[in-house]
Every structure is written in structure tokens, then in C-alpha cells.
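Below is one structure, written out as C-alpha cells; comments come after it.
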Amino acid sequence: MLARDLHPGAWWLWAIGLAAAATFTLNPVALLLIWAIAALVVMARRSEAPWALSFRLYVYLAVFVVVLRVVFRIIFGTAATEADLIVLHLPEIPLPEAARGIQLLGDVTLVALLSGLYDGLRLGAIILCVGAANALANPKRLLKSVPPALYEVGTAVVVALTIFPQLAESVQRVNRARKLRGSPGRGVGVLRRVVVPVLEDALERSMTLAMGMDARGYGRSGRATARERVVTGLLMLLALFALCIGIYAYLDATAPRVLAVGGLGVGVVLAAAGLWSAGRRVERTRYRPDRWRGAELLTVASGLAVAVGVDRAYALDPYAVVPGLDGWPEVSPWVLAIILVGALPAFLTPPPAVPRGADHHEREVVDA
Amino acid sequence: MLELRDVSFAYPDGDWTWQHVDLRLEEGELVLACGRTGSGKSTLLGLFNGLVPHFTGGTLAGDVLVDGRSVVGVPPRELAHLVGYVPQDPLSGFVSDVVEDELAYGMEQLGLPPQTMRRRVEETLDLLGIADLRRRPIRALSGGQQQRVAIGAVLTMHPRVLVLDEPTSALDPTAAEDVLATVARLVDDLGLTVVVAEHRMERVVPFADRLVVVDGGTVTVGAPAALLVDSPVAPPLVELGRLAGWDPLPLSVREARRRRTDLQARLAEPGTAPAPAGEPVLTARGVSVTYTSHVAVREVDLLVRAGEVVGLMGRNGSGKSSLLWALRGALKRAGGSVDVGGGDPAGLSSAEARARIGLVPQTAADLLYLETVADECATADEQAEVAPGTCRGLLDRLAPGIDEARHPRDLSEGQRLALVLAVVLTSCPSVVVLDEPTRGLDYAGKAELAAILRDLADQGHGIVVASHDVEFVAEVADTVVVMAEGEIVSRGPAAEVLAESPSFAPQVSKVLGAPWLTVHQVREAMA
């Protein structure tokens, strides 16, 4: 397969599928497998870009969550019954009457420990799935893939993302200059000395950027007729109306189901039509757009398959998916096999494109 | 094609910036706009694509026509396909973070078909010689590369007029030559009409077909040789021509060199400048600065004597700024020692360090954060524990007559620099280091700054000034130090180092040969 970057949307859908599967199960083996799959795919398919290096942070966070969950279960113990297996005897710290119902330390039961562990593993798996999507998908390309009608919003977000590193640079520069001037000052004074020049800088920069964008054609008016505008507006209004009815009916158990499903369905269709109509009059094209091809579809399908598979497995064999807390969990090879499908993208997608001549040309921090 | 007909413009609640301008841009010509700082050059450029008055506000009288059709009131975006505008600081105008996407941005807005976009991006990458940078993050490029990307980003839209506002002001001499050569090629090969505003005119005058001089509310248009006879701003070459009485004035070094014999005959032997002999005020040994794995400054030794002005030169990223900050003790050194008046500024308290060495950073305005000039001066006095009024006194000597109720942001570039310099000098440091102080200053402003620095040196201060501006360094420096890749590659008296280097030689020395450096010298030798 020729090296290329996958559509960022594909990675996100795959990760969402995997995360959904993680929410359905509490089986530690299955959850650890999801951890492993997320890590494997990231290792196999991430690029050299800065955001790709963030995965490690997500791993730290996930491990931290697991530890935190278990530690909490130990600190805030639950009253053990006769039947519970006690793993650890700790002295209980007596609390005043007002805090009745809360137990500090005391006997630690196996059930409490395991439920904390499984819960932590599940949360960790979801965090890792998000992290994997973040590491694999170029956030800017994702924003560029929004429908044409939302182009303006997408651009605004892209620009905002570009501003952040600049702001950090500004703060650093001003801070250094402030030290030159000496006398660090007191309290609010310091903040003011940093904030005022940085904000002035940011304001000036946004004005220049706005000028630059305008000079390069941003926001050129399309050739929409008044009639087209009315149609688009009408479609959007009707969509909103239908969605409101649908949601109301969905939440109100006494309302007929037809109204709920129908309202939501009609609303979604109308909204799509509205977006399409709005996008049609935008005279803008996209340079080298990401396309949906086989590898993208396969990636999404594998994520989806895991989610649907684990959901079905619960219906067939609940104990394999959500095990008991009184001993070793039951492991079903079928469930594991279903989850393993999620690892397919690591092997069946093209490797990421390596930028040619990507020597790490570092620019000096001070010399502009 | 593009025509200004009896145009006048005034900023909101201001006087007319200039009045009754008639200018017609012809196909395939290069027009150079020049004038003193604040004369309204940039305003004039903004008129061509409607940024003025769309973004600035103000009153516009007269008519702007494209192909005989008035475009007054048309916003810049609707003219994007006709006029390509490259702002002064390209970095702040970039929308995307990768070179290729940036080139495509304008075309996406125009709604060009994908195949066309793909083709034009490739063509433009080749035209500007930046094909190997296509996937590189823009922020990691050098200044010259960024400038070429900015030009490419508007060229892909195939505009008929290209407007460049000070395209080389932040570039080192070599990168500036590259960018200007690229621009000249666009005019020659593509028949593009180019309008350039530039402070350092010496670089553009040889290419220019016509000159637009903006001065005191009037705008004159004409042939460069004719207008330069009495224009308020002129490159050293023209000054030399005026001095020698050459007619017509030479516009390129080659022309001038052919006529130098008569001038040389009238010149007395140049006096050799005495070597600076003051006491050493700054001694740096083995100074190194590193950023993670990148060595910015590598074991540099530097000696500055009282009364000496050291010019620090070198391309962008050669470690000049890092060295200055390390000398000031405000940047962590990876090794070496700095001794200013018996102490290392890095180890001293902030007040003590300031009393020994003062640094004027590249973006000088960062040092200013109060609302009025008076507040800034008062704070500086207080911090330096000197008599109230010291700072104001210094300021009045550097730039007389600044209203003390004004906001520092509202001052002109030169006045702001003077204020920062006054604040720094209030602590009376024995060494003053300045990082790229001439940005945005016109010839007169630079001459003033040079006089101020010379004056400070004569009072016994040691001065280090980093600059790309060879003419300025030639004017002010006794000793020149050239850096490359964090190391010092040559150092010595200004006359030797500058005149020997092909890229750092000032125009006068290109014409007359070493040891002539400045028009000032020639004038004295003729008297």
C-alpha cells in the first residue's frame, strides 16, 4: 500500500467505536485488550507530527485514573458483610456523627478492590481511545473536512489553534523583557505588565491577520439569489422544529413512539438538506481534500464491528462481558476475538506519509 | 490597468495624509514607493486593494479605477484576484501552518477547480524555489523563506498587481537579495506589475522603473534618476552621487563605479580611525548558549572597550540575539563567563545588573507597559533610584519634544526606540547592547540613532549593536564582529571587515573600494 495519511474522520469513528465497546464491558481482560489495541494502532500508524507525540500523556492519564480509582476504594471503604472476602485489614478512622455513611479506611474487601479496578480500566480505555484518535488524526485536516456551510466556523477554529503557540511565545518574550526592566513588582502589577503587552500584541496580530485574510479573498460573497437564501433558511427552521418535537416525544414516555422517531428522522433529513443547500451557494473549493477510500471504510467498519459485537455479546452471554466480582473473571474467546477486529487498521491501512526532507530545522528562539 | 485619479486620504480625526495623487500603474513595471517614516507609504499601498479605507477608516476623495471601472467602496476580498497584497510582517498574516496549504488558501477562496489549484501550487513552488519546503511548518522557516512563501501565497491567485509592504525589513542582506531577485524575476518573466515600499532603498532602486516619493502630504511620481535628485530619502549611492555632482545620478553600483575616477582624484587620503584604546568594560570568555540540542552560541569571546561601538552582524539565526541576551545575563548560559565592571550580570541582583549593562531588545516596545510617557519615565527613575527627571532629561536629549501625556504605543517607531533607550540609560549602565534597533527607521532616523550611539560612546559607554543594516553599521561601528552558526567568523576594524565581505560591503565601499565606508567620510575627505 502506498503511504498516505488516512482521513482524520475515519480514525475518530474507529476510536469512538472502540470507546463505545469499552463502555459496554467491565471484563478486565477485554478492557486491557482494548488498551493494547489502541496502543498498537497508534504505534503502527502515527506520524511524526507534534500531536502524534501526545499519546504518551494519555497513557499516563489512564494509568493515573486506574490507580486513583483503586486508592479511593481503599480510603473510602464500604462496610463488609460476612460473605465478603477481606483482603486487607486497616484501622478504621472514626468520623463524627454528621458524616455517617462514609467510612474512612477500615476493612478492604475484594469486591470493592475489583470493582474499583474494573471501573478504572474502563475509564482508562475510553481515555486511551480518545488519545489514539488525537494522535492519529491531524486536528487541522479534520476541521478542514467540515461541510462547506460550516467552513467559516472551521476556519475560525483553525486560526484560534494557530494563535495559541503565538500567545505562548508572546508571553515568553514579554516576560523576558520585563525582567530586563527589573523590579519584578508586586501582585497585580506583575500580571498587568505581562498581560497588557501580550494582549496588545494579540490584538494587533488579529487585526493583521484579519487584513491578510480579507486581502486574500476570505468571505467573498457567493452568487446566492434571494430565493435560495429563503429556501435555506426555511429548511433550517423546519429542521429545528422537527428536532424539538422529536426530542420532546423521546423524553416523554407517554408520547407515541412514532412521533419521537418520526420527529427526529425528519429533523435530521431537513437539517442535512439545509446544510447542503447552504453549502451549494458557497463558491469555495478545497485543495487536496481527504477522500474516503477502502482503507478509511475498513477502519471505520472495524471500530463499529467491535462496538456492535460487544453489545451483542452482552445479550448472548452477559457474564462474559460484565463478570462477577468474587474471583477470576470468566474470559470468553469469542468476546476477545470480536475485540481483536479493532486491531485490523494497524495492519490493513497504508502507513502515514513521511514528509520528504523533513530535517528538524530548529529555529533559534530569540532570533526572529 | 490600476489607476488613482486625484485621490486624497485622511485618517479619522486627522489631517489629509496626502492629497491629489494621480498614479497609473502600467503592465509589467516595478514601482518603488519611498518616503520618511509616517509619511503614508503603507497607506498608499493599502489603497490599491481597498484595505484603506476598508480596515483603517478615514475619508477617501477621488477615484480608484481598475480597467477604467471605479472600485471605491469595494472590499479587499472582492479584489483579491486582481491585487496580491503581502503585509509587512508575513508571519502574522499566515492562515495555515504548512507551506503547501498556505499557497492554496487564496485559491480555495476564489473557488478554483482542484486540478488548477494543484497545478498552480506546483508551478509557484518552483517559481519561488521553495519546492523542498512544501510540507514544512511555516513557523519553522527562516525569515527569507517565510517572505517567499507569503509572496507565493498571493501569486497562486494570479493577480495582475503585486503589492509588497517592506518585504526585506526583517531580513539579513543575503536573504533580502534573494527575495528581491525573486521579485525582479516575476516582473521580467511574468510581466507582473509590482509595487514595493522599502526603507532600505539601495536594494530596490536598481530594479525600479518608477519612483513614488511620498513627502509632506504630496506624492510625486517619476523616473528614479530624476526624482532622487532632491527626494527627502535617498540611498548612500545617491548621496554620493549628489556629493560628487554626478548627473544623471547613478542608480546602481556598476554605473557609479565607472565614474569614480574623477571623484577619487578629488579625495584626500582617508584618515585611519584610531583603534579604540579605552579600558575594557565588558569581557566575555567562552560564552555558549544552547536550546535543547541546538547550539545557538558556541564558545564566543568578546571584548568591548569604553568608547567603542561594536557592530554584530551575521545572517538570521546565527546567534546574535542569543549572544546579546547571554551578555546581559538574562539568558541562561551553557558555559563561559561574562565580566562587566568586575561582576557577572547573571549573578547580580536585577538592579545591579541594570546599572552595569542595559539591553534594548528587538521588539523594544515590550519594555513599555504604562499608559503615558511621563509614567514610564517616573517608573524608570524610581527603579534606578536616581533623581526624578533623569529619564525625561535623557529622552529630551535623544528625541526632543515628546508630549509626556502620550501613550507609548502612539509614538512613532523612532520616538519609541528613544524612550526605551532613555529608560535603559537611566540606570547609567557602562555597557549598552541593542538588538536590531534600526527596524522601521528611515535614513534620517538611522542617522540620528547613529549620532546618539556615537555620543554615548564618546561619553565612555561601551556599545554593542546587532544589525542587518550594513549602511548603519558602517556609519556607527568601530569594530565589526561577524557571526555564523553561533561562532565568530571574523572580527576587526569596521573598515577591514565590512569592505572585505561581499555581502556586508556598504555601497560606498563597493564604489570606491576599501577603506571608504560612508558618504560622511567622503564628504570630510573632499573638504
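Going down the list, the sequences are from chains A and B.
Residue numbers 1 to 368, in our numbering, belong to the letters of the first sequence in order.
Residue numbers 369 to 895, in our numbering, belong to the letters of the second sequence in order.
Glycine residues also receive a C-beta, built at the ideal position from the N, C-alpha and C atoms.
Since the structure is predicted, the reported quantities are computational estimates derived from the model, not experimental observations.
Quick check: the Cα distance between residue i and residue j, rounded to an integer number of angstroms?
i         : j         : result
Ala448(B) : Pro165(A) : 28 angstroms
Glu839(B) : Tyr60(A)  : 56 angstroms
Val791(B) : Ala748(B) : 6 angstroms
His361(A) : Gly77(A)  : Annotation note: pLDDT 41 at His361(A) (below 50); position unreliable, coordinate value reported separately. Distance between the alpha carbons of His361(A) and Gly77(A): 55 angstroms.
Gly461(B) : Ala521(B) : 10 angstroms
Pro351(A) : Gly497(B) : 29 angstroms
Asp367(A) : Pro616(B) : Only weak support is given to the placement of Asp367(A): the predicted model assigns it a pLDDT of 39, under 50, and the value that follows is read from those uncertain coordinates. Taking the straight line from one Cα to the other gives about 41 angstroms.
Leu340(A) : Ile37(A)  : 7 angstroms
Thr411(B) : Val420(B) : 7 angstroms
Glu468(B) : Leu316(A) : 52 angstroms
Ser705(B) : Ala862(B) : 26 angstroms
Gly219(A) : Ile16(A)  : 34 angstroms
Ala132(A) : Val300(A) : 14 angstroms
Leu161(A) : Pro50(A)  : 13 angstroms
Ala834(B) : Ile725(B) : 15 angstroms
Ile247(A) : Phe241(A) : 10 angstroms
Distance cutoff 7 angstroms, beta carbons only. Does residue i sit that close to anything in chain B?
i         : result
Asp214(A) : yes
Arg193(A) : yes
Gly217(A) : yes
Arg293(A) : no
Met378(A) : Nothing about residue 378(A) can be reported from this structure: the residues present for chain A run from 1 to 368 only.
Leu136(A) : no
Arg4(A)   : no
Glu169(A) : no
Val174(A) : yes
Glu48(A)  : no
Tyr287(A) : yes
Leu180(A) : yes
Would you say residue i lies against chain A (beta-carbon separation less than 7 angstroms)?
i         : result
Gly406(B) : no
Tyr737(B) : yes
Gln477(B) : yes
Leu824(B) : no
Arg626(B) : no
Phe840(B) : no
Pro444(B) : yes
Pro541(B) : no
Val463(B) : yes
Under a Cβ-count criterion, where at least 16 other Cβ atoms within 10 Å of its own Cβ denotes burial, should residue i be classed as buried or exposed?
i         : result
Pro729(B) : buried
Arg312(A) : exposed
Trp328(A) : exposed
Met1(A)   : exposed
Arg622(B) : exposed
Phe377(B) : buried
Pro96(A)  : exposed
Trp334(A) : exposed
Cys759(B) : buried
Ile831(B) : buried
His775(B) : exposed
Could you tell me whether any Cβ in chain C is nearer than 7 angstroms to the Cβ of residue i?
i         : result
Ala177(A) : Annotation note: the requested chain C is absent from the structure, which comprises protein chains A and B.
Return the first residue and the last residue of the beta strand (DSSP E) that residue i is part of.
i         : result
Gln387(B) : 384-393
Ala378(B) : 370-378
Ser656(B) : 648-659
Val531(B) : 529-533
Leu398(B) : 398-403
Start and end of the alpha helix (DSSP H) containing residue i?
i         : result
Asp317(A) : Segment: none, Asp317(A) is in no alpha helix (DSSP H) and carries neither H nor E.
Ile725(B) : Not the alpha helix (DSSP H): Ile725(B) falls in the beta strand (DSSP E), residues 725-728.
Asp764(B) : 758-766
Asp494(B) : 482-495
Asp743(B) : 741-752
Ala790(B) : 781-793
The ligand HEM and residue i: does any heavy atom of the ligand fall closer than 6 angstroms to the residue's C-beta?
i         : result
Thr629(B) : Of the ligands one can find in the structure shown there are none, so the ligand HEM has no counterpart to examine.
### Completely contained alpha helix (DSSP H) runs for the region 828-874 of chain B, where each covers 4 or more residues
838-844, 862-868
### Message
Going residue by residue through the region 65-128 of chain A, where are the continuous alpha helix (DSSP H) segments of at least 4 residues, counting only ones entirely within it?
### Response
none
### alpha helix (DSSP H) segments (min. 4 residues) lying fully within the region 430-468 of chain B
none
### Query
Mind pulling the beta strand (DSSP E) runs of 3 or more residues that sit fully within the region 669-723 of chain B?
677-681, 703-708
### Query
Which runs of the beta strand (DSSP E) spanning at least 3 residues fall entirely within the region 570-605 of chain B, listed in chain order?
578-583, 586-590
### Message
Suppose only complete runs of 4+ residues qualify. What are the alpha helix (DSSP H) ranges in the region 534-558 of chain B, listed by chain order?
### Response
As far as the region 534-558 of chain B is concerned, its whole alpha helix (DSSP H) runs of at least 4 residues are 541-553.
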